[in-house]
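Step one of this worksheet: look at the structure below.
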Amino acid sequence: MSKTEVIEKIREVGIIPVVRAGSHEEAQTVIKALIAGGINVLEVTMTIPNAVELIARLTGEYRNATVIGAGTVLDRQSAEKCIEAGAKFIVSPILDLETVSFCNENEIAVLAGALTPTEIFTAWKAGADLVKVFPVSAMGGVSYLKAIKTVFPQIEFVPTGGINLENAVDYIKSGAFAVGIGGELTKGQESIISEKARNIRNIIKLK
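FYI, in this note's numbering the residues of the sequence shown are -3 to 203.
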């Protein structure tokens, strides 16, 4: 799957679940539930023990049927390992210019973290395909996204932090390319996660 196809898939789904777990088994259960609920774009965070091995296992199992990305990637070396394992996109909560440059050189979609207008513009100018606005809730949530989208209409934003089933569509309507959602979506029994995934997927489709 090409970089362009990955970015288009993120736009189509509109949701990037941020998967954090204490073990591979727990993460795989969550991922299975999300896919059953109709979400096939997933961010596997580096906070999961042996996350690179998990990414390799998942990309081998799901191949192009599910787009697996790596999250909480803090440096170029980690990005390289994740890409070698099969990650189709890289997400960082910070702006690390070396990581952005490396992803661009290797034609891998990169979501660089930024919060202030200066950080946002710097990330975009450096070549970030999408800018992860994190933690968006700390800056006013939807109202902040509206404000920065007005100033930077040319930049595609993926707000993350404090987003849930109730307000996700408000972010999309306010100009978000997609939204990142963590525990609000990925916590609970498998059936509950699948139900939440179906609900938010339907809400985003009807935006």
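Yeah, the Cβ is synthetic: ideal placement off N, Cα and C, and Gly gets one too.
In terms of residues, what are the limits of the alpha helix (DSSP H) holding residue i?
i: I199; result: 186 to 201
i: F98; result: 93 to 101
i: R59; result: Segment: none, R59 is in no alpha helix (DSSP H) and carries neither H nor E.
i: L30; result: 20 to 32
i: I79; result: 72 to 81
Which value, in whole angstroms, describes the spacing of the CA atoms of residue i and residue j?
i: S19; j: T68; result: 16 Å
i: T95; j: A193; result: 30 Å
i: R59; j: S170; result: 33 Å
i: V14; j: F117; result: 24 Å
i: A23; j: A29; result: 10 Å
i: T62; j: A105; result: 15 Å
i: Y167; j: T182; result: 19 Å
i: A75; j: A83; result: 9 Å
i: V147; j: E186; result: 41 Å
i: E152; j: A172; result: 7 Å
i: G34; j: I144; result: 30 Å
i: N198; j: E49; result: 32 Å
i: T114; j: Y140; result: 14 Å
i: Q150; j: L126; result: 11 Å
i: K142; j: V165; result: 13 Å
i: S133; j: E180; result: 14 Å
Starting from residue i and walking both ways along the beta strand (DSSP E), at which residues does that stretch end?
i: A66; result: 63 to 67
i: L38; result: 37 to 41
i: I86; result: 85 to 87
Determine which residues share a DSSP beta bridge with residue i and list them.
i: P13; result: I177
Could you tell me how far apart the beta carbons of residue i and residue j are, in whole angstroms, since I believe they sit closer than 8 Å?
i: G10; j: I200; result: 4 Å
i: A81; j: A52; result: 4 Å
i: V87; j: A66; result: 7 Å
i: L107; j: M135; result: In fact, because the Cβ distance is near 17 Å, the residues do not count as touching under 8 Å.
i: F130; j: G109; result: 5 Å
i: T55; j: I44; result: Not quite, the Cβ-Cβ distance comes to about 15 Å (not below 8 Å), so this is no contact.
i: G176; j: I31; result: With a Cβ gap of about 17 Å, G176 and I31 do not count as contacting.
i: T41; j: R16; result: 5 Å
Considering only heavy atoms of the ligand GDP, does any lie closer than 8 Å to the CB of residue i?
i: A124; result: As for the ligand GDP, it is missing from this structure, which has no ligand bound.
I'd like to know whether the C-beta of residue i is nearer than 9 Å to at least one C-beta of chain C.
i: A134; result: The structure shown contains no chain C, having only a single protein chain.
What runs of the alpha helix (DSSP H), each 4 residues or longer, lie entirely inside the region 103 to 176?
-> 113 to 122, 138 to 147, 164 to 169
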